[in-house]
Structure formats: C-alpha cells, structure tokens
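Numbering that gives the first Met the number 0 numbers the first residue of the sequence shown as 0 and each following residue consecutively. Working notes, structure below.
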Amino acid sequence: MQQVDGSAVRLKTEADEPGWEVDPDDDWGVAVVATVGRQLKLRREAVAMRAADFGESVGYGEDMVYKIEAGKRIPRPEYLDKADEVLGAGGLLAAMKEDVKKVRYPKKVRDLAQMEAKAVEIGVYECNSINGLLQTAEHARALFEAAQPAYSQDDVERMVAARVARQSVFGREPAPAINFVLEEAPLRRQVGGTMVWRRQLERLLDVGRLRTVTLQVMPTNTDAHPGLDGRIELLKFPDGTAVGRSDGAFNGRPASDPRQLRVLELRYGTIRAQALPPRESLAFIEQLLGET
Numbered sequence: 000m001q002q003v004d005g006s007a008v009r010l011k012t013e014a015d016e017p018g019w020e021v022d023p024d025d026d027w028g029v030a031v032v033a034t035v036g037r038q039l040k041l042r043r044e045a046v047a048m049r050a051a052d053f054g055e056s057v058g059y060g061e062d063m064v065y066k067i068e069a070g071k072r073i074p075r076p077e078y079l080d081k082a083d084e085v086l087g088a089g090g091l092l093a094a095m096k097e098d099v100k101k102v103r104y105p106k107k108v109r110d111l112a113q114m115e116a117k118a119v120e121i122g123v124y125e126c127n128s129i130n131g132l133l134q135t136a137e138h139a140r141a142l143f144e145a146a147q148p149a150y151s152q153d154d155v156e157r158m159v160a161a162r163v164a165r166q167s168v169f170g171r172e173p174a175p176a177i178n179f180v181l182e183e184a185p186l187r188r189q190v191g192g193t194m195v196w197r198r199q200l201e202r203l204l205d206v207g208r209l210r211t212v213t214l215q216v217m218p219t220n221t222d223a224h225p226g227l228d229g230r231i232e233l234l235k236f237p238d239g240t241a242v243g244r245s246d247g248a249f250n251g252r253p254a255s256d257p258r259q260l261r262v263l264e265l266r267y268g269t270i271r272a273q274a275l276p277p278r279e280s281l282a283f284i285e286q287l288l289g290e291t
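The structure is reproduced here in structure tokens:
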C-alpha cells in the first residue's frame with residue numbers, strides 16, 4: 000500500500016493487468032520488451048532510486064517493477080509516461096511507447112498487417128463474417144466478447160485495437176487496390192445490436208465507395224461456388240511475388256508457390272464473377288440499412 004494524503008492507495012500487481020505478459024514465442028516482442036526494461040532499470044539506478052520507491056511513485060508494486068525491468072511484463076503506455084517523469088528522462092522513455100504498442104498486438108496480426116502494408120493488391124473473400132479490415136471497433140468488440148472460452152476484457156481491447164490498426168491500409172499512399180467479396184448472411188446478422196449493426200453497414204458503404212476499393216456481395220440465393228470451403232486471401236507485392244491462403248486449400252497454410260497461387264486466383268476469380276457487381280452490392284447494403 001502507498002500512503003497519499005494519509006489514505007492508503009493499493010499499488011498495481013499482475014492480477015490488475017492480465018494479458019500483459021510477454022509471448023515467449025514472439026522473438027521480436029521479447030527483444031523489444033527486454034530493451035525497454037533494461038533502459039528503465041538503467042534510468043532508475045542512475046538516479047539511485049530503489050525499486051520499491053519507484054514503484055510507489057508510478058503506482059505499481061515492487062514485484063511488478065522488477066518484472067518489467069527484467070523484460071517479463073509489457074509496460075503500459077501510462078507506466079512509461081510516469082517513469083519518464085519520475086526519472087527525468089526527458090521524453091526518452093515515453094518515446095518507447097510506439098514500439099511497445101506494436102508488441103501488444105498478437106504476432107500473427109502484426110505479421111498480417113506488415114504484409115498488407117506492403118501489398119499493391121489485396122483480394123479477400125469472407126464466408127462467415129465481415130472481414131477485419133471492414134469491421135468497426137464496436138462490431139469487432141462484440142465478436143471477441145462472444146468467444147468461448149471467454150477472453151479477458153484486457154485481451155478483448157488489445158485485439159480490437161490491433162484489428163482497427165490494420166485499417167490504416169486504406170490511407171496508404173499509394174493506396175493498394177483492394178477487393179472484397181462478402182456473403183449476404185453475415186451482413187444480416189445484427190452483431191452487437193441494432194445500432195452497432197447499422198454503423199457497421201454504414202462503414203461498409205463508406206469503404207465501398209473509395210476509389211481503390213471494390214466491394215461485392217454474394218447473395219444467399221445463388222448457385223454453389225468455390226468459396227463454400229471457407230475464406231480466401233490473396234496479397235500481391237510490388238516485386239511481382241504474391242502470397243495466398245484459403246481455409247479449404249493447402250491446409251489453410253500461406254501459399255506462395257505459383258501453382259498453388261493459380262488455384263487460389265482461379266477460385267477467387269470465379270467467386271467474384273458470381274457475386275453481385277459493385278454498384279448493385281452497395282445498393283443491396285443500402286437496402287439492408289433502410290430495413291432497420
């Protein structure tokens with residue numbers, strides 16, 4: 000406990016911050032957190048401050064201070080801000096927030112975001128949900144909160160932030176050409192309630208009207224198509240290389256072999272040909288919005 004104006008203030012422990020452990024399989028994340036922890040320790044020792052005293056100053060228990068300095072815990076942004084102020088680091092510790100923020104995103108999400116950031120063309124078919132690049136934060140949160148076993152609220156917010164961060168791809172210069180094909184059924188599912196659903200449909204219309212985006216809807220009342228096995232993703236890069244993935248092909252693993260890519264491109268091309276054209280698709284979404 001810390002005494003403030005005569006009142007006891009409980010210092011934060013690991014139990015207060017679930018989900019901020021370092022993933023041991025994330026080599027880059029481990030290196031970043033270890034470097035940040037080392038800098039925090041060096042700064043604290045440079046001003047001859049005990050870990051317990053420093054912890055009281057930033058609102059954390061001594062054990063948490065040691066674990067962050069040892070690279071075993073990811074420090075929150077506000078921890079780095081307070082540490083910078085208490086240790087007189089002149090902004091050097093606070094500046095580490097950007098790298099630490101990236102570590103908070105799951106490794107597979109970071110890897111996907113990095114590929115999307117380099118791609119000149121992105122093609123996506125989704126069968127059971129609205130693609131993450133198109134989801135509002137509220138829609139994504141409702142999906143994560145519906146998962147079983149349940150995520151901690153801290154993990155939910157971390158994953159929502161990671162999903163929303165990926166959407167910076169729409170603001171890239173030059174922007175990639177992005178093609179989406181979405182099934183009708185998920186568009187009708189009112190995830191998160193009526194207002195969240197309406198905002199999600201409005202988001203689809205906003206993105207679908209971008210010059211670099213093509214959005215198509217696959218009607219439920221249509222013939223069988225090659226996407227019934229699951230999601231398909233295709234990313235093409237400036238050097239002519241590409242990578243693709245399909246739930247129903249090659250065990251769902253990323254494929255870069257030209258023969259495998261031709262299979263995915265054939266399937267995706269067939270799906271796009273069977274879906275509603277872009278203008279009709281936007282009109283269909285507007286109709287759904289008008290039904291609420």
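From the three backbone atoms N, C-alpha and C, an ideal C-beta is built for every residue, glycine too. None of these values were measured; they are calculated from a predicted model.
Straight through space, the alpha carbons of aspartate 80 and glutamine 38 are spaced by roughly 14 Å. By the beta-carbon neighbour count (other beta carbons within 10 angstroms, threshold 16), threonine 135 is buried.
One Cα belongs to aspartate 62, the other to lysine 11, and the distance between them is close to 10 Å. Isoleucine 67 is a Cβ neighbour of proline 74, given a cutoff of 9 Å. 9 Å or more divides the Cβ of glycine 87 from the Cβ of glycine 36.
By the Cβ neighbour-count rule, proline 175 is buried, with 16 or more other Cβ atoms within 10 Å of its own.
The Cβ atoms of glutamate 115 and leucine 200 do not sit closer than 9 Å to each other. By the criterion of at least three beta-carbon pairs nearer than 8 Å, the stretch 82-96 is in contact with the stretch 50-64. Collapsing the DSSP output to three states places lysine 71 in coil. In the structure shown, the three-state DSSP call for tyrosine 150 is coil. Alanine 241 sits buried, since 16 or more C-beta atoms from the chains shown fall within 10 Å of its C-beta. In the DSSP assignment, tyrosine 267 falls outside any beta strand (DSSP E) and lies within the alpha helix (DSSP H) extending over 257-273. Three or more Cβ pairs closer than 8 Å define a contact, and the stretch 96-103 falls short of that threshold against the stretch 212-228. Looking from the CA of alanine 223, the closest CA among Ile270, Asp238, Ser255, Arg261 belongs to Ile270. Ranked by Cα distance from aspartate 26, the first of Leu142, Asp110, Arg157 is Asp110. In the DSSP assignment, tyrosine 59 falls outside any alpha helix (DSSP H) and carries neither an H nor an E.
DSSP places threonine 213 in the strand class (E or B) of the three-state scheme. With fewer than 16 neighbouring CB atoms inside 10 Å of its own CB, leucine 91 falls in the exposed class. If you draw a straight line from the Cα of arginine 43 to the Cα of arginine 49, it is about 8 Å long. By the neighbour-count criterion, in which a residue is buried when 16 or more other Cβ atoms sit within 10 angstroms of its Cβ, asparagine 127 is exposed. Contact annotation: aspartate 256 and arginine 230 have beta-carbon atoms that are not nearer than 9 Å.
Valine 46 and phenylalanine 53 have their alpha carbons spaced roughly 10 Å apart. Around the C-beta of glutamate 144, fewer than 16 other C-beta atoms lie within 10 Å, and the residue is accordingly described as exposed. Pairing glutamine 273 with threonine 221 gives a Cβ-Cβ distance under 9 Å. In this model, arginine 165 and isoleucine 177 are separated by some 13 Å (Cα to Cα). The C-beta distance from leucine 181 to isoleucine 129 rounds to 6 Å, short enough to fall under 8 Å. In this structure, the straight-line span from the alpha carbon of valine 262 to that of phenylalanine 179 is close to 18 Å. The beta carbon of tyrosine 65 is closer than 7 Å to those of Ala50 in its chain, skipping five residues each way along the sequence.
Contiguous beta strand (DSSP E) elements confined to the stretch 140-200 occur at 176-182, taking only those with 3 or more residues.
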